[in-house]
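*Asks:*
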Amino acid sequence: MAQYNLPRGTQDFLPEKSEKVSYVEYLLKSVAGLYGYREIRTPIFEHTPLFLRSVGESSDIVNKEMYTFLDKSDRSITLRPEGTAGVIRAFVENKMYATPDFPVKLFYYGPVFRYERPKAGRYRQLNQFGFECIGVNSPYADAELILMITSIVSMLGIKDFKIKINSIGDKESREAYKDALREYFKPHLSTMCEDCKRRYEQNPLRILDCKVDSNHEAVLNAPKINDYLNEKSLKYFNDVIVLLNKYGIPYELDSSLVRGLDYYSDTVFEIVATAPSGQDYGAIGAGGRYDGLVEEIGGPSLPAVGMAFGLERLVLLLDEYHLLDDVKSKLDVYVMPVGKESMDLAFEVTTFLRSNGFKTEIDYQNRSIKSQFKTVERMEAPIAVIIGEEEVKNGTANVKNTLTKEQVTIPLSQLLPCIDTLLRTMEEPDNHECGCGCGHHHDDHECCCGHDHGEEHECCCGHDHDDDHECKCGHNH
Ligand code: HAM
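Under our numbering, residue 1372 is the last one in the sequence shown; the count climbs by one each step, no gaps.
What follows is the structure, given as structure tokens:
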């Protein structure tokens, strides 16, 4: 029998993983909205020249990693190796620049493809969630982006992370630096890899992120870009750093950071986090300013800054910290028909509950009540509705709270309010936890407002608890 395996470097997202990825995407989308980003979707494949022009002919991505093929009309097509080029192509092609209201802020997510050597956290099909802020050249825009991603990473619960940041300067600074690098590497070239020899001609900056020669003495001791930044670039970078300091962003200056895509200018950064296992998954996100790209792709001269998270790396890390353990789609109700005659009514009840918004599943196989309860346990359904011959006859249902094991028999007309109330009480268990999300237990009388309601009288809700005794959480303190 033929065996079909996954292509190397790809993975299936089974429901458990998909739900985690969707949760992270949902959170990122909410924060993106908060910062004024709107969603854009561009094709997964583009004409190859777009990537040659933007990502750059000297980059490893273009040279070695693109999935490029001829379509049936002999056009060269490439599966997108990243999102920025497509977004800027769409921005230019749709004349999104014809607005007086800059910046235009766009976010996107989806798969990108790179023919890389797979390892932990490195795939050939990966998912990125990216942000592009187009139309302003301001240190505030760079700082805002970094602030946003810092708050995303913190909101997700990751504490041990930092932003590695550098400036690769404007065009003038980079040209001066490239000249210096050529001069410097010239006597070392014969000892360097073949790719570096090509990089030397095309763009010597790329030698600095060579994976083969990364420990080569000459690479380690190469001149740093910082010494070649002109006054304008130096000031710009300094202004960004002042803002990062002001807002307490955990950053580290990294003078060897140059990024592997050709479109960058001035600010570049990567987000790195420590995994509890010590496993190095690489940066969880990266980006920078790219002031020349819109024009390069045929649009007006407009500056831009952006970044992309690698969703797989983010989820790997969050999983290691057990920060996604609770992310799982859970049932509200499991309907248990007992005996063939009850199937019709049980199915009707299931359909009715679903149409009223309750996540409901049913046993289709006429299994024993014991097997059905095992399923209820495995699915962690908080409520079981049991319908047997007697219930069909009487127009009733048995509703069981699977946590407390309490069971009541009720007329079918009472099913909705009964399930609704049960689910609500489960959401607000008797553990005295405040409903305002402060995480405090009211046994100790302390509310989210920091007041002890046993002694002081006014809560964050404005109520005096001595008089009406009720907090906004609904609890009586
Ligand atoms: P990038 O650094 O090539 O930048 O990729 C961004 C993120 O995607 C990386 O930090 C990493 O988390 C993830 N990533 C990249 N390659 C892989 C891989 N093979 N396997 C798993 N994850 C990976 C860009 O793509 C730019 N377009 C970012 C940007 C947007 N710059 C400005 N705007």
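In this text, a Cβ means the ideal position worked out from N, Cα and C, and glycines have one as well.
If we ignore side chains and look at the alpha-carbon of each, how far apart do residue 1297 and residue 1245 end up?
*Replies:* Their Cα atoms are separated by approximately 18 angstroms.
*Asks:* Under three-state DSSP, which class holds residue 1006?
*Replies:* If DSSP states are grouped into helix, strand and coil, residue 1006 belongs with the strands.
*Asks:* Just to confirm the assignment, what range does the alpha helix (DSSP H) spanning residue 1116 have?
*Replies:* From DSSP, residue 1116 is part of no alpha helix (DSSP H); its letter is neither H nor E.
*Asks:* Between the alpha carbons of residue 1221 and residue 1232, how many angstroms are there, rounded?
*Replies:* 30 angstroms
*Asks:* For the stretch 1107-1152, which segments carrying the beta strand (DSSP E) assignment without a break, of at least 3 residues, lie completely within its bounds, in sequence order?
*Replies:* Counting only runs of 3 or more, we get 1146-1148.
*Asks:* Under the DSSP definition of a beta bridge, which residues are partnered with residue 1280?
*Replies:* 1230, 1294
*Asks:* Just to confirm my understanding: we take residue 1036, look at its own chain, exclude 5 residues before and 5 after, and list those with CB closer than 8 angstroms. What are they?
*Replies:* 998, 1028, 1200
*Asks:* How about residue 982 and residue 1003: are their beta carbons less than 8 angstroms apart?
*Replies:* Residue 982 places its beta carbon less than 8 angstroms from that of residue 1003.
*Asks:* Once you ignore the five residues that flank residue 1135 on each side, which residues in its own chain have a CB closer than 7 angstroms to its CB?
*Replies:* 1034, 1037, 1038, 1162
*Asks:* Considering only the beta carbon of each residue, do residue 1192 and residue 975 sit closer than 8 angstroms?
*Replies:* no
*Asks:* Would you give the residue range spanned by the beta strand (DSSP E) that residue 1306 belongs to?
*Replies:* 1302-1306
*Asks:* Looking only at its chain, what residues have a beta carbon closer than 6 angstroms to the beta carbon of residue 1334, apart from the 5 residues adjacent to it on each side?
*Replies:* Bear in mind that the predicted position of residue 1334 carries a pLDDT of just 41, short of 50, making it unreliable; the figure below should be weighed with that in mind. Taken in chain order, the list of residues that qualify is empty.
*Asks:* Can you have a look at residue 939 and say buried or exposed, based on whether 16 or more other CB atoms are within 10 angstroms of its CB?
*Replies:* By the beta-carbon neighbour count (other beta carbons within 10 angstroms, threshold 16), residue 939 is exposed.
*Asks:* Closer than 7 angstroms: is that where the CB of residue 1023 sits relative to any heavy atom of ligand 1?
*Replies:* yes
*Asks:* Is residue 1270 helix, strand or coil when you go by DSSP?
*Replies:* helix
*Asks:* Shorter than 7 angstroms, the distance from the beta carbon of residue 1064 to the closest heavy atom of ligand 2, or not?
*Replies:* In terms of ligand content, the structure shown lacks ligand 2 and carries ligand 1 instead.
*Asks:* When we look at the beta-carbon of residue 995 and count the other beta-carbons within 10 Å, is it buried (16 or more) or exposed?
*Replies:* exposed
*Asks:* Expressed to the nearest angstrom, what Euclidean distance is found between the alpha-carbon atoms of residue 1256 and residue 1139?
*Replies:* 50 angstroms
*Asks:* Does at least one heavy atom of ligand 1 sit under 7 angstroms from the Cβ of residue 1011?
*Replies:* The answer is yes for residue 1011.
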